[in-house]
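Worksheet: the structure to be examined is printed underneath.
Residue numbers (my numbering): 742 to 1462.
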């Protein structure tokens, strides 16, 4: 028996784990790492099941090639040659814009996904880039890009020091947090209340998080921006503002808020006017306060406006960039912020003219780009760690479109609802055979921290790492061929990184020889060499060797004010009234006059689930983690519902078990996402198939500024079977 330590890669909480393995390398126990200075022994059911995920017999262990309708295992060399034939054939026949790439959510949870996604996109040479971001958090990126000049400059609530937390559309007791990396989020919220702080949760459901709060307020789905504008109006009207940073557009924001008085927005959002006024007063009066909003507010018709108003309130109450308010993390691998102010809409999708954001097009239009003939029609698709058939809006239409592709290659451990339509599937090694460092998630941490996890188990002989798989794909796409050495790509990237660093004024290595710096790098792979370089060039001057010497992680201290370091707007100030968002306010204002639908649909999170990719782990399905339609008992009686209901929308219909509960407000029903595994090759998932909520979501409905799909507030009808 032996013990190993590593970071859990299954959600955004980055918890430290302590694993016990037998002599055969099988995991016999997974517990929280009590010596991790950030997570302090916290663990959730997902982390406890890590060994079961790695040993899942349905995981692919060799590349798969499909000929006709028949799958067969093949060698890695043959698989990469098949990829070369497929991608090169489409590019030569139809041009680079006939290629597309989709990057799924797990890319943020692996070293390879974080390091090799951008090189792969550049190598493909296409503007047809899609990801899970436009089914999740893109509104936050766009709002922060427009306000702060950098879409990755996302302020997070200083959970451990705040006196008042207003949370909208977030359920961290189930999700473990999102765009707010905070292991043991439940414990941090309990500590907030124990020190005399106040927690207010705004949500259409009385979630586990809402049940923990001092106060829970029901809100009509999709109206968070109206509620927040009512708070902004009150802050101005009652002279409660206390702006502590340099801003642009204060007067314009005040003028915009005039039309959204609490008594005006109350009917739309369902929160009484006097409560809206009280929230504004409490935020202004609290010694420190933070407003935090997540996926429920992002995946809505006015997602970007809601995210903008969240940070507008944080600015107006004097809580941006100060302890106890909302602050910017300082990750150990930060090697420089963007140099130019943010811009979105630099190009538009071919079929619907939807705007680019962060170099991506909305996943809501991926099916259009595949199915619509013409110059630039997508004919080949690369999917990395994603299952858009279950995660993108109008999944059934997307699945039909995938069947028409000339070529598709997927990097994925499973044959799932998306990858079963591929021509080649390249499975990455198990989690425990891969190194781990959280490049993306530590940029949103509530405390500065760093931890590296070396592989717990040796790689299988002849099996490439996930980094090598993605590097080989990039080399194939760039014309280097199926046999090109992945080290070539790593050395090219390292050379560019080091040359940029030595040429940057004020850099810790300004003026030094890049070759000398390269000779000093350490690591067992290209990915580890790149990590070592980023750590050494980062703000703390760390190294991979130092992280190896601290296997439980390094506490780098509490968040500190650093707005001046991250701000990249043209004005050099926080932009409170970006023109693109000001323009969209007219759409929000017009919505006030539109009657609310009788019934609307929202999603929901499960603690033992992370999208669709954990549904094949037996301990994580069943119990509360089921695909049911939550309905208020009054609506159950009014609609005459029995054990099952038919839910219909503009996109389609599903039949699903009914779960009556007074935890959801009348007029709202809820389905979890990630289900719909009927006919799956994943045996446990097939036994708990459920239905896909995205058979009901309309791909034509998007948040205008960001192109994000609308999954919350979807108009539906609900009827007995």
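Ideal placement from N, C-alpha and C gives every residue a C-beta, glycine not left out.
Here the structure is a predicted model, which means the values were calculated and not measured.
For residue i, list the residues DSSP reports as bridge partners.
i	result
residue 1398	1385
residue 812	807
residue 1151	1124, 1166
residue 746	759
residue 905	939
residue 707	For the chain, the structure presents residues 742 to 1462; residue 707 sits outside this window and is missing.
residue 1293	Residue 1293 pairs with nothing; no bridge assigned.
residue 1372	1401, 1410
residue 1175	DSSP lists no partner for residue 1175.
residue 964	Answer by DSSP bridge pairing: none, since residue 964 is not bridged.
residue 1227	Its beta-bridge partners do not exist; DSSP assigns none.
In or out: residue i buried (at least 16 other Cβ within 10 Å) or exposed?
i	result
residue 1071	buried
residue 813	exposed
residue 998	buried
residue 824	buried
residue 1209	buried
residue 1409	buried
residue 1240	exposed
residue 987	exposed
residue 850	buried
residue 780	buried
residue 742	exposed
residue 1277	buried
residue 767	exposed
residue 1233	exposed
residue 1354	buried
residue 961	buried
residue 1397	buried
residue 945	buried
residue 774	buried
Can you check which of these residues, the options, is closest to residue i by C-alpha distance?
i	options	result
residue 1143	1417, 1130, 1153	1130
residue 1454	926, 1010, 948	1010
residue 1052	1075, 1074, 973, 1081	973
residue 1107	763, 826, 1259, 1441	1441
residue 964	1336, 1352, 1350, 1384	1336
residue 730	1292, 898, 989, 875	Given a span of 742 to 1462 for the chain in the structure shown, any question on residue 730 remains unanswerable.
residue 844	835, 860, 838, 836	860
residue 1403	1377, 1269, 875	1377
residue 1133	1200, 1116, 1124, 1104	1104
residue 1340	1387, 832, 1219, 756	1387
residue 853	829, 775, 1207	1207
residue 896	785, 1270, 1063	1063
residue 1121	835, 1460, 1417, 759	835
residue 1167	816, 749, 771	816
residue 1156	1300, 763, 1419, 968	1419
Taking the alpha-carbon positions, what's the residue i to residue j distance?
i	j	result
residue 1197	residue 1281	27 Å
residue 1034	residue 1067	12 Å
residue 1021	residue 929	24 Å
residue 798	residue 1195	24 Å
residue 1473	residue 921	Any question about residue 1473 goes unanswered here, given that the chain covers just 742 to 1462.
residue 1274	residue 1229	17 Å
residue 1031	residue 1114	48 Å
residue 1249	residue 1225	34 Å
residue 1356	residue 1039	24 Å
residue 1076	residue 1055	27 Å
residue 1251	residue 1211	31 Å
residue 1245	residue 1237	12 Å
residue 1271	residue 1444	36 Å
residue 746	residue 1264	19 Å
residue 1043	residue 820	44 Å
residue 1393	residue 1436	6 Å
residue 1046	residue 1057	16 Å
residue 1112	residue 1119	8 Å
residue 1413	residue 1352	9 Å
residue 755	residue 1109	36 Å
Regarding residue i and the ligand GDP, is the C-beta to nearest heavy atom distance less than 7 Å?
i	result
residue 1313	You won't find the ligand GDP in this model; it holds no ligand whatsoever.
- Secondary structure, beta strand (DSSP E): runs of 3+ residues fully inside the region 815-896: 840-844, 870-872
- Taking the runs of the alpha helix (DSSP H) that are 4 residues or longer, which of them lie wholly in the region 1075-1147? Runs of the alpha helix (DSSP H) lying entirely within the region 1075-1147, each at least 4 residues long, are 1107-1112, 1129-1132, 1136-1143 in chain order.
- Message: So within the region 1232-1268, which uninterrupted alpha helix (DSSP H) runs reach at least 4 residues, ignoring any that extend past its ends?
- Response: 1255-1260
- Task: Taking only runs that begin and end inside the region 1305-1364, name each unbroken beta strand (DSSP E) of 3 or more residues, in chain order.
- Result: The region 1305-1364 contains these whole beta strand (DSSP E) runs: 1341-1343.
- Message: Quick check on the DSSP output: what are the complete alpha helix (DSSP H) runs of length 4 or more inside the region 982-1028, in order along the chain?
- Response: 991-998, 1003-1010, 1014-1026
- Message: As an exercise, report each continuous alpha helix (DSSP H) stretch of at least 4 residues that is fully enclosed by the region 1031-1072, in chain order.
- Response: 1036-1039, 1044-1057
- Message: Report the start-end ranges of each beta strand (DSSP E) in the region 912-937 that is 3 residues or longer and not cut off at the edges.
- Response: none
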